[in-house]
Amino acid sequence: MGMEPSNQRLEDEKNVLPPYKKRRLERQLRAENILEQGFKPNGGPWLRSDTKHRQTAPIFLLPPEILHNIFSRLTIKDRRSSAQVCKLWWSIIRCSISNRCLTIRRKGPGSVYVHFLRVSPLLKEVKIFRRGDLSVFLRTLKYNNPLLEVLKIVGKRLKIDWLRPLDDYHFANLRVLTLKSITINLDGAANVFSRLKNLKQLEIHECDSDGSIMDVLSSSDIQLEEFVYEKSTYRPFAWVTEKTLEAFFAKMGPTLRSFKLGIPDVPFRIPRISENCVVLNFFHLRIAWTCVDESWLQQLGALRHLQHLNLYKIDKISPAVWCNLLSQPHLTGQLKTLGLCYSRLLDDSVFQTIGDKLKNLESASLHCSDIGKSALQHVIKNCSQLKTLKLSEISSRVILPSLPLIPEYLPNLRVLTYRPTFSAESHLLHREQLKIAMPNLKINYAFTCADYLR
Numbered sequence: 005m006g007m008e009p010s011n012q013r014l015e016d017e018k019n020v021l022p023p024y025k026k027r028r029l030e031r032q033l034r035a036e037n038i039l040e041q042g043f044k045p046n047g048g049p050w051l052r053s054d055t056k057h058r059q060t061a062p063i064f065l066l067p068p069e070i071l072h073n074i075f076s077r078l079t080i081k082d083r084r085s086s087a088q089v090c091k092l093w094w095s096i097i098r099c100s101i102s103n104r105c106l107t108i109r110r111k112g113p114g115s116v117y118v119h120f121l122r123v124s125p126l127l128k129e130v131k132i133f134r135r136g137d138l139s140v141f142l143r144t145l146k147y148n149n150p151l152l153e154v155l156k157i158v159g160k161r162l163k164i165d166w167l168r169p170l171d172d173y174h175f176a177n178l179r180v181l182t183l184k185s186i187t188i189n190l191d192g193a194a195n196v197f198s199r200l201k202n203l204k205q206l207e208i209h210e211c212d213s214d215g216s217i218m219d220v221l222s223s224s225d226i227q228l229e230e231f232v233y234e235k236s237t238y239r240p241f242a243w244v245t246e247k248t249l250e251a252f253f254a255k256m257g258p259t260l261r262s263f264k265l266g267i268p269d270v271p272f273r274i275p276r277i278s279e280n281c282v283v284l285n286f287f288h289l290r291i292a293w294t295c296v297d298e299s300w301l302q303q304l305g306a307l308r309h310l311q312h313l314n315l316y317k318i319d320k321i322s323p324a325v326w327c328n329l330l331s332q333p334h335l336t337g338q339l340k341t342l343g344l345c346y347s348r349l350l351d352d353s354v355f356q357t358i359g360d361k362l363k364n365l366e367s368a369s370l371h372c373s374d375i376g377k378s379a380l381q382h383v384i385k386n387c388s389q390l391k392t393l394k395l396s397e398i399s400s401r402v403i404l405p406s407l408p409l410i411p412e413y414l415p416n417l418r419v420l421t422y423r424p425t426f427s428a429e430s431h432l433l434h435r436e437q438l439k440i441a442m443p444n445l446k447i448n449y450a451f452t453c454a455d456y457l458r
């Protein structure tokens with residue numbers, strides 16, 4: 005039986021077209037043959053769910069149970085080809101390769117995701133993005149996925165009382181809970197958290213609440229190891245106080261190993277921090293000069309296990325205080341990550357101290373516009389273990405003379421971020437020299453608004 009005229013024309017054109025157009029015609033020919041012949045049980049291709057086919061393709065008339073049976077017969081190679089598989093089911097069925105993680109996105113019928121949750125009892129990680137029917141997914145997870153350990157919920161910036169369904173369907177093995185852009189009702193929240201016996205990591209990003217979530221955690225029975233609390237800079241926030249932090253550290257102190265706090269313009273005195281803390285990140289804190297004293301410096305130096313320290317937008321601290329902080333004996337030998345970003349009053353003496361004391365640094369984010377050329381070169385020459393170096397706010401006039409030193413003094417560097425100059429000759433020359441000397445180095449460029457206005 006001969007081919008249709010349209011298919012014969014496509015076959016003839018394939019011989020005179022460039023390769024990329026040949027592949028496009030092959031996909032078109034394959035789609036037309038599939039519509040005529042139907043699905044092949046031996047693992048053949050199927051039509052992609054483009055918008056123009058969404059209402060007419062017969063695949064969308066089948067229930068989720070049959071669709072799951074169809075697409076589970078595809079080979080691994082066909083599962084990874086978005087041009088051969090329905091787009092929604094391509095993103096779902098590829099999870100069955102490992103059968104451990106599922107992402108429930110905003111688009112797509114909920115019945116498809118619910119069916120996959122029912123037939124995948126080994127799921128350990130589920131991410132739900134902007135879905136209003138949270139209770140349906142949580143109920144299905146509770147009764148069909150007892151091994152669930154990681155749950156991430158991203159809302160629509162609407163009022164979603166997520167604690168109530170979580171109270172009804174609490175998970176015994178849940179270890180990581182991430183919430184973003186939702187409203188938290190704290191009524192009975194302490195009992196909800198107390199039932200999550202194995203919860204070790206809690207992340208809250210840009211969520212609204214009717215009270216202090218940290219006070220609720222302090223009154224519950226859980227012991228967290230990692231806690232992230234971040235508010236967006238354009239929302240007023242006043243639930244974090246000195247008393248709140250003191251109670252939180254007193255409750256979580258024995259087990260807390262990672263603490264990240266990001267709130268806008270809330271001045272307070274830093275309380276005593278757990279000695280077991282390994283990661284300490286303060287974002288957007290405005291610490292007044294009177295809030296930084298010798299006791300604060302001593303407690304940072306007494307953190308025997310501290311390996312990652314990031315301080316963002318911390319103002320009104322003199323260079324002498326920074327130098328004393330970075331010279332603490334417990335920090336000089338074991339600190340792996342240091343971030344001093346967008347903080348004022350950082351001069352060359354601070355970076356001289358970094359080069360002299362912190363020789364074991366593996367990652368440094370030094371976003372400061374006041375650093376000089378000699379200070380930056382001192383850091384490059386002495387911190388030979390660096391793998392990541394970010395210099396976004398430093399002037400290109402300071403960075404470019406230091407780039408030729410990187411292959412010699414930073415042989416392990418893998419990621420470099422800096423602000424390039426707009427004089428093409430010198431910038432391209434240094435970049436090509438770096439690529440030749442360090443082929444595995446990834447170079448990222450950071451631009452500011454002033455650069456685009458030139």
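In terms of my numbering, the sequence shown opens at residue 5 and continues consecutively. C-beta atoms are modelled at their ideal positions from N, C-alpha and C, and glycine is treated no differently. Note that the structure is predicted; figures quoted are calculated from it, not measured.
Beta-carbon within less than 8 angstroms of LEU228's beta-carbon, same chain only, minus the 5 sequence neighbours each way: which residues are those?
For the purposes of this step, residue 228 is taken as the residue at position 224 of the sequence shown. So the qualifying residues of the chain are LEU203, LYS204, GLN205, LEU206, LEU221, MET256, THR259, LEU260.
Can you have a look at ALA441 and say buried or exposed, based on whether 16 or more other CB atoms are within 10 angstroms of its CB?
The sequence position of residue 441 within the sequence shown is 437, counting from 1. Exposed.
Cβ-based burial, ASN416 [other Cβ within 10 Å; buried from 16]
For this step, residue 416 is matched to residue 412 along the sequence shown. When all chains shown are included, ASN416 counts as exposed.
Use the C-beta contact count for ARG135: other C-beta atoms within 10 angstroms, 16 or more gives buried, fewer gives exposed.
Position 131 of the sequence shown, counted from the first residue, corresponds to residue 135. Flag for ARG135 reads buried.
Measure the C-alpha to C-alpha separation of LEU106 and ASN149 and round it to an integer number of angstroms.
The sequence position of residue 106 within the sequence shown is 102, counting from 1. The sequence position of residue 149 within the sequence shown is 145, counting from 1. C-alpha separation (whole angstroms): 12 angstroms.
How is the beta strand (DSSP E) around HIS119 delimited, first residue to last?
As a working note, residue 119 is residue 115 in the sequence shown. Looking at the DSSP string, HIS119 is not in any beta strand (DSSP E); the run it does join, the alpha helix (DSSP H), is 114–122.
Do LEU445 and ARG418 count as a contact pair if the criterion is CB distance below 8 angstroms?
If you number the sequence shown from 1, residue 418 lands on position 414. If you number the sequence shown from 1, residue 445 lands on position 441. Taking 8 angstroms as the Cβ cut-off, ARG418 and LEU445 qualify as a contacting pair.
CB of THR144 within 8 angstroms of CB of VAL118, strictly:
One-based indexing of the sequence shown puts residue 144 at position 140. One-based indexing of the sequence shown puts residue 118 at position 114. Result yes, Cβ atoms of THR144 and VAL118 sit closer than 8 angstroms.
Please state the DSSP three-state secondary structure of GLY72.
To locate residue 72, count along the sequence shown from 1; it is residue 68. Contrary to the premise, residue 72 reads as His rather than Gly in this sequence. HIS72: helix per DSSP, three-state reduction.
PRO411, DSSP secondary structure in three states
Against the sequence shown, residue 411 aligns to sequence position 407. In this structure, PRO411 counts as helix in the three-state DSSP scheme.
Burial state of ALA176, where buried means 16 or more other Cβ atoms lie within 10 Å:
Here residue 176 refers to the residue found at position 172 of the sequence shown. It counts as exposed.
So, for LYS230: in the same chain, excluding its five sequence neighbours on each side, which residues have a beta-carbon less than 6 angstroms away from its beta-carbon?
Stepping through the sequence shown from its first residue, residue 230 is reached at position 226. In the sequence under discussion, the amino acid at residue 230 is Glu, which differs from the Lys named in the question. Contacts found: GLN205, SER262.
Short Cβ contact (8 angstroms threshold) for SER331 with THR357:
Along the sequence shown, read from residue 1 onward, the residue named residue 331 stands at position 327. Along the sequence shown, read from residue 1 onward, the residue named residue 357 stands at position 353. Yes, they are a contact pair.
Consult DSSP for CYS327 and reduce its assignment to one of helix, strand or coil.
Mapped onto the sequence shown, residue 327 falls at position 323. DSSP places CYS327 in helix when its eight states are reduced to three.
Do you know whose CA, among ALA450, PRO408, TYR413, lies nearest ARG435's CA?
Locating residue 435 in the sequence shown gives position 431, counting from the first residue. The option with the nearest alpha carbon to ARG435 is PRO408.
What residue range is occupied by the uninterrupted beta strand (DSSP E) comprising PHE133?
As a first step, residue 133 must be located in the sequence shown, where it is residue number 129. Unbroken beta strand (DSSP E) run through PHE133: 129–133.
Beta-carbon separation of PHE252 and MET218 under 8 angstroms?
Here residue 252 refers to the residue found at position 248 when the sequence shown is read from its first residue. Here residue 218 refers to the residue found at position 214 when the sequence shown is read from its first residue. Contact: yes.
Alpha carbon to alpha carbon, how far is LEU339 from ILE384? Give it in angstroms, no decimals.
Locating residue 384 in the sequence shown gives position 380, counting from the first residue. Locating residue 339 in the sequence shown gives position 335, counting from the first residue. Distance between the alpha carbons of ILE384 and LEU339 is about 17 angstroms.
Candidates HIS309, SER347, THR187, THR421: which alpha carbon is nearest ASN448's?
Along the sequence shown, read from residue 1 onward, the residue named residue 448 stands at position 444. Measuring from the Cα of ASN448, the nearest candidate turns out to be THR421.
Rounded straight-line distance, which links the Cα of HIS309 to that of HIS334
If you number the sequence shown from 1, residue 334 lands on position 330. If you number the sequence shown from 1, residue 309 lands on position 305. Between HIS334 and HIS309, the C-alpha separation is close to 8 angstroms.
Rank LEU432, LEU390, LYS184 by C-alpha distance to the C-alpha of LEU404 and give the top, closest one.
Residue mapping note: residue 404 aligns to position 400 of the sequence shown, counting from 1. Checked all of LEU432, LEU390, LYS184; the closest Cα to LEU404 is LEU432.
Keeping to the same chain, check which residues put their C-beta closer than 8 angstroms to that of SER388; ignore five residues upstream and five downstream.
Translated into positions along the sequence shown, residue 388 becomes position 384. Counting only Cβ-Cβ distances below 8 angstroms, and skipping sequence neighbours, we find LYS363, TYR413, LEU414, PRO415, ASN416.
So, using beta-carbon positions, are PRO323 and ASP360 closer together than 8 angstroms?
Here residue 323 refers to the residue found at position 319 of the sequence shown. Here residue 360 refers to the residue found at position 356 of the sequence shown. Contact: no.
Taking the beta carbon of ARG423 as the centre, do at least 16 other beta carbons fall within 10 Å, making it buried, or is it exposed?
Residue 423 sits at position 419 when you count from the first residue of the sequence shown. It counts as buried.
Check this for me: beta carbons of LYS131 and LYS156, under 8 angstroms apart or not?
If you number the sequence shown from 1, residue 131 lands on position 127. If you number the sequence shown from 1, residue 156 lands on position 152. Contact flag set, yes.
Just the Cα atoms here: how many angstroms apart are GLU366 and GLU69?
Position 362 of the sequence shown holds residue 366. Position 65 of the sequence shown holds residue 69. One C-alpha to the other measures close to 50 angstroms.
Apart from the five residues on each side of it in sequence, which residues of its chain come closer than 7 angstroms, Cβ to Cβ, to HIS382?
Taking the first residue of the sequence shown as position 1, residue 382 is located at position 378. If we look at HIS382 and ignore the five residues flanking it on each side, its Cβ neighbours are PHE355, GLN356, GLY359.
Considering only the beta carbon of each residue, do PHE133 and VAL158 sit closer than 8 angstroms?
Looking up residue 133 in the sequence shown gives position 129. Looking up residue 158 in the sequence shown gives position 154. Yes, they are a contact pair.
In the DSSP assignment, what residue or residues form a beta bridge with CYS345?
Within the sequence shown, residue 345 is the residue found at index 341, counting from 1. TYR316, HIS371.
Which one of PRO23, GLU234, ILE226, GLU153 has the shortest CA to CA distance from ALA194?
As a position in the sequence shown, residue 194 is number 190, starting the count at 1. Considering only alpha carbons, the answer is ILE226.
Per DSSP, GLN205 forms a beta bridge with which residues?
As a working mapping, residue 205 is identified with position 201 in the sequence shown. Paired residue(s): VAL180, GLU230.
Best match in LYS26, LEU121, GLY266, ARG109 for proximity to HIS72 [C-alpha to C-alpha]:
Within the sequence shown, residue 72 is the residue found at index 68, counting from 1. Taking only the C-alpha atoms, the option nearest HIS72 is LEU121.
Just the Cα atoms here: how many angstroms apart are LEU151 and PRO125?
Along the sequence shown, read from residue 1 onward, the residue named residue 151 stands at position 147. Along the sequence shown, read from residue 1 onward, the residue named residue 125 stands at position 121. So the alpha carbons of these two residues sit roughly 8 angstroms apart.
Alpha carbon to alpha carbon, how far is ARG348 from TRP326? Give it in angstroms, no decimals.
Locating residue 326 in the sequence shown gives position 322, where the first residue counts as 1. Locating residue 348 in the sequence shown gives position 344, where the first residue counts as 1. The straight-line gap from Cα to Cα measures roughly 11 angstroms.
Straight-line gap, LYS184 to LEU138 (C-alpha atoms, nearest Å):
Taking the first residue of the sequence shown as position 1, residue 184 is located at position 180. Taking the first residue of the sequence shown as position 1, residue 138 is located at position 134. Roughly 14 angstroms separates the two Cα atoms.
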